[in-house]
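See below for the structure under consideration.
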Amino acid sequence: TPMQNDLEEFFSMV
Amino acid sequence: ILELRLVQATLFKNVLEAISDLFSKANFDFSGTGLELQAMDTSHVALVALLLRAEAFNHYLCDRDLSMGLNLADMAKAFRCANNDDIITIKAEEDWSDTVTFTFESPEDGEISIFDFDFVGTNGVPLEIPEFPESEYQAKVRMPSAKFMRICKKLSSFGDSGDRDTVVIISVDKECVNFFTRGKTGTSTIVCRQTQTVDKPKEPTLIEMKEQVSLAFDLRYMNSFSKGSTLSDQVTISLSSNLPAVFEYKIAETGYIRYYMLPRIEE
């Protein structure tokens, strides 16, 4: 889902 | 059917106060275990995850998993009308129409307020937030949540007022955690040493450090997280240069609220 994609992106941002 | 009751509105009021200024919409997932709520802010800098186990409610009936997106600003407005000792009932009907009903009942005068909230989109299932082992974090700081809130207030009053981009640098070094911010004409540093006094055993500041760590964050976000202090006496801050920081408030044996925040990359 788009929200889950946002979340995965969030945790890969650091 | 979904039917939940809380005999004191305080818990839910505090939850909404702790999240509604930073997050506009949240995903609410009800299951047999309890309520899981997740939300991400519009700039994708912060994420909040809340768990309230079924035991946190005085009555909890949820015979089918239900996921709903709800507007937090509207909910916070409604909850500001509720008194702390109002009885809250949360209901969604059998036909799964896209509405949830919150009822506030005053135990004193019997007045009942009913709010129906339309769903505003949903993820359909709870988001899978990864859990990282403690060893992944370079430092962990536990302190009274009121102390953390006080630190945030001090830093905010010193940092450029009106500047939404005030940065706070959190550094952990041995038995100290430092909070540093820059104002218009100077800097401010708050140093917290590890403490564990005999007369105040419930209010220690504990620092576990594997490696020195220093990370920059948006003060505005941290200040907003500090509102979690209404839900718990203690906050735990986990820091890593490879992961979003976690600000966790445990809710009396029945759950937690965790705020995740990306550090700022300084030019």
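Line order of the protein sequences matches chains A and B. Under our numbering, the first sequence has 3 at position 3, and the numbering climbs by one with no breaks. So our numbering is basically just the index in the second sequence, starting at one, shifted up by 1000. Note that beta-carbon positions come from the ideal geometry of N, C-alpha and C, so glycine has one too.
Quick check on His1044/B - is its C-beta less than 7 Å from some C-beta in chain A?
Yes - at least one Cβ of chain A is within 7 Å of the one on His1044/B.
Could you check which residue in Gln1138/B, Lys1154/B, Met1149/B and Thr1185/B has the C-alpha nearest to that of Ser1171/B?
Taking only the C-alpha atoms, the option nearest Ser1171/B is Gln1138/B.
Could you please tell me which residues of the segment 1230 to 1247 of chain B, in chain order, have their CB closer than 7 Å to any CB of chain A?
Under the 7 Å Cβ criterion, the segment 1230 to 1247 of chain B contributes Asn1242, Leu1243 and Pro1244.
Where does Arg1193/B sit, in a helix, a strand or coil, going by DSSP?
Looking at Arg1193/B - three-state DSSP - the assignment turns out to be strand.
Please classify Ala1049/B as buried or exposed, where buried requires at least 16 neighbouring CB atoms within 10 angstroms.
So Ala1049/B ends up on the buried side.
Would you check if the distance between the CB atom of Phe1179/B and the CB atom of Leu1155/B is smaller than 7 Å?
Taking 7 Å as the Cβ cut-off, Phe1179/B and Leu1155/B qualify as a contacting pair.
What does Met1222/B touch in chain A if you count any residue whose Cβ is under 9 Å from its own?
Going along chain A, no residue has its Cβ under 9 Å from Met1222/B, so there is no contact; the nearest lies around 16 Å.
For Gln1234/B, which three-state DSSP category applies?
Correct three-state label for Gln1234/B: strand.
Which value, in whole angstroms, describes the spacing of the CA atoms of Thr1166/B and Asn1027/B?
So the alpha carbons of these two residues sit roughly 29 Å apart.
When you compare the CB of Pro1107/B with every CB in chain A, is at least one pair closer than 7 Å?
Not closer than 7 Å to any Cβ of chain A, the Cβ of Pro1107/B fails to qualify, so no.
Measure the CB-CB distance between Thr1321/B and Glu1036/B and report whether it falls below 7 Å.
Chain B is shown only over 1001 to 1267; residue 1321/B falls outside these bounds and no answer can be derived.
Can you find the residues in the same chain that come closer than 7 Å, C-beta to C-beta, to Pro1144/B, ignoring five residues on each side of it along the sequence?
Cβ within range, chain order: Glu1203, Asp1233 and Gln1234.
With a threshold of 7 Å between beta carbons, is Met1075/B in contact with chain A?
So no, Met1075/B is outside the interface.
Check the Cβ-Cβ distances between Pro1130/B and every residue of chain A, and say whether any is below 7 Å.
With 7 Å as the cut-off, Pro1130/B counts as an interface residue toward chain A.
So if DSSP puts Ser1248/B in a beta bridge, which residue, or which two residues, is it bridged to?
The amino acid at residue 1248/B is misidentified as Ser; the sequence shows Glu. In DSSP, Glu1248/B forms a bridge with Thr1236/B and Arg1258/B.
Assuming Ile1207/B contacts Leu1231/B (C-beta within less than 8 Å), just tell me the rounded distance between them.
Ile1207/B to Leu1231/B, Cβ: 23 Å. No contact.
Taking Met1068/B as the reference, give the member of Leu1061/B, Thr1101/B and Ser1240/B with the closest Cα.
Among Leu1061/B, Thr1101/B and Ser1240/B, the Cα nearest to that of Met1068/B is on Thr1101/B.
Output, in sequence order along the chain, the residues in the segment 1255 to 1266 of chain B whose CB is closer than 7 Å to any CB in chain A.
Answer in chain order: Leu1262 and Pro1263.
Are the segment 1115 to 1135 of chain B and the segment 1058 to 1068 of chain B touching, with three or more C-beta to C-beta distances below 8 Å?
At 8 Å Cβ cutoff, the stretches touch.
Counting along the chain, where does the alpha helix (DSSP H) carrying Ala1157/B start and finish?
Here residue 1157/B turns out to be Ser, not Ala, going by the sequence shown. Note, Ser1157/B: alpha helix (DSSP H), Ser1145 to Phe1158.
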